[in-house]
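One structure is given here, and the rest of the page talks about it.
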Amino acid sequence: MTTFKILAAAGLVALATIPVMAQAADGRPEPAANAPADAAATASKKKFCVVEATTGSRVAKKICRTRTEWLALGFDPTSK
92 MTTFKILAAA GLVALATIPV MAQAADGRPE PAANAPADAA ATASKKKFCV
142 VEATTGSRVA KKICRTRTEW LALGFDPTSK
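In this text, residue positions in the sequence shown follow this note's numbering: the first is 92, and each later residue adds one.
Here's what the structure looks like:
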């Protein structure tokens with residue numbers, strides 16, 4: 092029982108130090124680098140998933156592609 096308490100305490104200490112390790116060397120959290128540029132890049136990589144029901148199967152198939160890929164196939168995933 093004592094071993095369990097020691098291991099539990101060590102685990103809690105390890106979990107408590109994770110936010111400290113994520114900070115920069117001077118103690119301040121690192122700023123997000125190029126947040127607006129990253130947002131534009133991720134918007135073009137955003138995937139749209141469509142659930143396709145297959146005849147003869149109870150399991151639906153989920154297909155995920157970018158909007159550009161869907162438009163190339165002649166389907167607009169944003170229109171409903």
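C-beta atoms are modelled at their ideal positions from N, C-alpha and C, and glycine is treated no differently.
Opening and closing residue of the beta strand (DSSP E) in which residue i lies
i, result
"residue 156", "152-157"
Given residue i as reference, the closest of the options once Cα atoms are compared
i, options, result
"residue 140", "148, 163, 146 and 152", "152"
"residue 161", "95, 135, 104 and 144", "135"
"residue 138", "96, 169 and 144", "169"
"residue 155", "96, 148, 149 and 166", "166"
Beta-ladder partner(s) of residue i, from DSSP
i, result
"residue 139", "156"
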